[in-house]
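As structure tokens, the structure follows; a few thoughts come after it.
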Amino acid sequence: MDKLLKDLKYIDGITIVDTKGTILLSTQLSADLYQQRAWEYAVGKNIFEAYVGLDDESSSLMEAMEYDVIVKRDRQRIEDMFGQVEETMNISIPIKSLGKIVGAIELSRSLHAPQHADHDVIEMNVEFIQRHSADQIFKSNEARYTLDDIIAVSAPMIQLKEQIVAFKDGSLPVFIYGETGTGKELFAHAIHNSSSRKDGPFVAINCAAIPDKLMESILFGTEKGSFTGALDAKGIFHEAHTGTIYLDEINSLPLHLQPKLLRVLEDGCVRRVGSTKEEYVDVRVLSSSNVPIIECLEQGLLRTDIYYRLCTFNINIPPLRKRKEDILPLVEHFIANKNKTLSKNIRLLSRKAYDRLMGLEWEGNVRQLKHLIDTAMVFVSKDQHILDLDDMESFLKDFIPTTIEDNLLGMKSLPDMLIQHEVEYIIRALDECNHNYTRAAKLLGIPRQTLNSKMLKYGLK
Numbered sequence: 010m011d012k013l014l015k016d017l018k019y020i021d022g023i024t025i026v027d028t029k030g031t032i033l034l035s036t037q038l039s040a041d042l043y044q045q046r047a048w049e050y051a052v053g054k055n056i057f058e059a060y061v062g063l064d065d066e067s068s069s070l071m072e073a074m075e076y077d078v079i080v081k082r083d084r085q086r087i088e089d090m091f092g093q094v095e096e097t098m099n100i101s102i103p104i105k106s107l108g109k110i111v112g113a114i115e116l117s118r119s120l121h122a123p124q125h126a127d128h129d130v131i132e133m134n135v136e137f138i139q140r141h142s143a144d145q146i147f148k149s150n151e152a153r154y155t156l157d158d159i160i161a162v163s164a165p166m167i168q169l170k171e172q173i174v175a176f177k178d179g180s181l182p183v184f185i186y187g188e189t190g191t192g193k194e195l196f197a198h199a200i201h202n203s204s205s206r207k208d209g210p211f212v213a214i215n216c217a218a219i220p221d222k223l224m225e226s227i228l229f230g231t232e233k234g235s236f237t238g239a240l241d242a243k244g245i246f247h248e249a250h251t252g253t254i255y256l257d258e259i260n261s262l263p264l265h266l267q268p269k270l271l272r273v274l275e276d277g278c279v280r281r282v283g284s285t286k287e288e289y290v291d292v293r294v295l296s297s298s299n300v301p302i303i304e305c306l307e308q309g310l311l312r313t314d315i316y317y318r319l320c321t322f323n324i325n326i327p328p329l330r331k332r333k334e335d336i337l338p339l340v341e342h343f344i345a346n347k348n349k350t351l352s353k354n355i356r357l358l359s360r361k362a363y364d365r366l367m368g369l370e371w372e373g374n375v376r377q378l379k380h381l382i383d384t385a386m387v388f389v390s391k392d393q394h395i396l397d398l399d400d401m402e403s404f405l406k407d408f409i410p411t412t413i414e415d416n417l418l419g420m421k422s423l424p425d426m427l428i429q430h431e432v433e434y435i436i437r438a439l440d441e442c443n444h445n446y447t448r449a450a451k452l453l454g455i456p457r458q459t460l461n462s463k464m465l466k467y468g469l470k
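Below, the structure is given as structure tokens:
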């Protein structure tokens, strides 16, 4: 990495973006690189708005965040909104906070500006850049939700909330089971924020989303020289020290790594890849699965000894179809949120709409209900006060088997139907990807710039 920094010789500019591509900092160190007005214009804008023709493939910043790698471009062409074209050499580095990518920093040098001898050579350490940027710009507790965010009136859910209060001991592991869409991560956040560790870090990781070859180094860190290009790097257990780590889809954790996890659970010892030394970490482990724990054991996905350590406390979140009394308060909560973000004025759910929602099985659980309400709210008028069945009828067809004749009755125009389905898919993709625009665009199979323009068009930003 030191060689990469030396290749730049000197730096003309520094740019920092968040995960959505919004430019948070744009510093000009050389008057030869851009006109001052272009730099001032860029701050607060999305990089795809500020620079013409830039997309996910050509942006080293987006690539660094997408793949969690340091990206070096010997030549990158950019054109600002004022028509000024520049070619730069740059290095883009992902920024992490509490083990999670929260943005990226780009160090650039113009390929055409004169290389004056009196330029200050900026010597930088990558670890310092990442740590400093994350600490100074992205200070936050990653556990956003509390007990108050678990919207429920049903007896089983009230009992679970009471159990969370009883789990205040900040050291014992908790295992969370629930079908897809029931809110497992919401519970993990609430457990952390209800515990004595609430002021410590909260680090969440989806075990199914990480390639097996990278899993060990991400979890436990690496020792410099342990493999080609390896640096002294902390794992997420180090990042979660004095706090909580949440292992989602624990059933996807490779079997050969489960003994190392057991070691952490038993005595808090972590050994980095390539190291012979053990390090102590003070971490509470929360885990979850959408597969019942007994099935995980029967299918050989989890070792028995891991099961006994992970399942000191168990939380089984009931599916929405078994607690339908929670549907109305959830709908009211989703409506209130969309009233704020979309400047709408819905106050009530009609009786017809309520009866229809109560009659569904909700295989996608709370997430499916949220998608339905969020999508319907996009299309209601601002002077409308009641969310009626007609406002969501076309979307309900996704949940209820119908005949062709049923679909033709009261059918809207094809352009209207296409728009409604497009909005629904965009909302689903954004929720699935935690509003990471790059990943949502990839999931939808469209360029990120196209997703951005559609969100602006439909009032989703």
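Quick note, the sequence shown lines up with residues 10 to 470 if you use this note's numbering. Even glycine gets a Cβ: it sits at the ideal position worked out from N, Cα and C. Treat the numbers as computed from the prediction; the structure is a model and nothing was measured.
Distance cut-off 8 Å: residue i Cβ against heavy atoms of the ligand MN
i: Phe211; result: The model on display carries no ligand, and the ligand MN is accordingly not part of it.
Reference residue i; option with closest CA among the options
i: Val174; options: Lys207, Ala59 and Thr447; result: Lys207
i: Leu120; options: Ile87, Asn461 and Tyr76; result: Ile87
i: Ser226; options: Ile79, Ile159 and Leu266; result: Leu266
i: Lys333; options: Ser163, Glu431 and Ile382; result: Ser163
i: Phe211; options: Val279, Asp291, Pro165 and Glu258; result: Asp291
i: Ile114; options: His380, Thr28, Ser298 and His444; result: Thr28
i: Leu33; options: Asp157, Val61, Gln85 and Gly112; result: Gly112
i: Ile25; options: Ile355, Val61 and Ser68; result: Ser68
i: Glu72; options: Ile428, Gln172, Arg457 and Leu339; result: Arg457
i: Pro478; options: Val183, Gly283, Lys451 and Lys193; result: Outside the displayed span of the chain (10 to 470) sits residue 478, for which this structure offers no information.
i: Asn325; options: Ile336, Ser298, Leu339 and Tyr317; result: Ser298
i: Val375; options: Leu398, Val340 and Lys349; result: Val340
i: Lys349; options: Lys391, Tyr363 and Tyr317; result: Lys391
i: Ser35; options: Leu116, Glu58 and Ile110; result: Leu116
Buried versus exposed, by CB contacts within 10 Å (16 or more), residue i
i: Gly309; result: exposed
i: Tyr255; result: buried
i: Gln168; result: exposed
i: Thr412; result: Its pLDDT being 40, under 50, Thr412 is placed unreliably by the model, and nothing is read from it.
i: Glu75; result: buried
i: Ala217; result: exposed
i: Pro268; result: exposed
i: Ala345; result: exposed
i: Ala197; result: buried
i: Ile303; result: exposed
i: Gly22; result: buried
i: Gln85; result: buried
i: Arg118; result: buried
i: Lys353; result: buried
i: Glu96; result: exposed
i: Leu460; result: buried
i: Met386; result: buried
Three-state secondary structure assigned by DSSP to residue i
i: Thr191; result: coil
i: Thr97; result: strand
i: Lys391; result: coil
i: Ser39; result: The predicted position of Ser39 is uncertain, since its pLDDT is 49 and thus under 50; a value taken from the coordinates is nonetheless stated next. Ser39 falls in the coil class under three-state DSSP.
i: Gln308; result: coil
i: Asp208; result: coil
i: Lys81; result: strand
i: Glu370; result: coil
i: Arg360; result: helix
i: Glu248; result: helix
i: Thr285; result: coil
i: Lys105; result: strand
i: Ile382; result: helix
i: Arg86; result: strand
i: Asn202; result: helix
i: Asn354; result: coil
N-terminal and C-terminal residue of the alpha helix (DSSP H) that residue i is part of
i: Gln458; result: Arg457 to Lys466
i: Ile315; result: Thr313 to Leu319
i: Phe176; result: Element bounds for Phe176: n/a, residue is neither H nor E.
i: Leu70; result: Ser69 to Tyr76
i: Glu275; result: Gln267 to Asp276
i: Ala450; result: Tyr446 to Leu453
i: Ser403; result: Glu402 to Leu405
Host beta strand (DSSP E) of residue i (start-end)
i: Tyr186; result: Val183 to Tyr186
i: Ala345; result: Unbroken run through Ala345 is the alpha helix (DSSP H), Ile336 to Leu351; no beta strand (DSSP E).
i: Glu115; result: Lys109 to Ser119
i: Val26; result: Gly22 to Asp27
i: Ile324; result: Phe322 to Asn325
Residues that DSSP places opposite residue i in a beta bridge
i: Ala242; result: Thr231
i: Tyr255; result: Ala213 and Leu295
i: Thr155; result: None, per the DSSP bridge assignment.
i: Ile32; result: Val26
i: Tyr60; result: Asp89
i: Val279; result: Glu288
i: Asn55; result: Thr31
i: Leu396; result: Leu358
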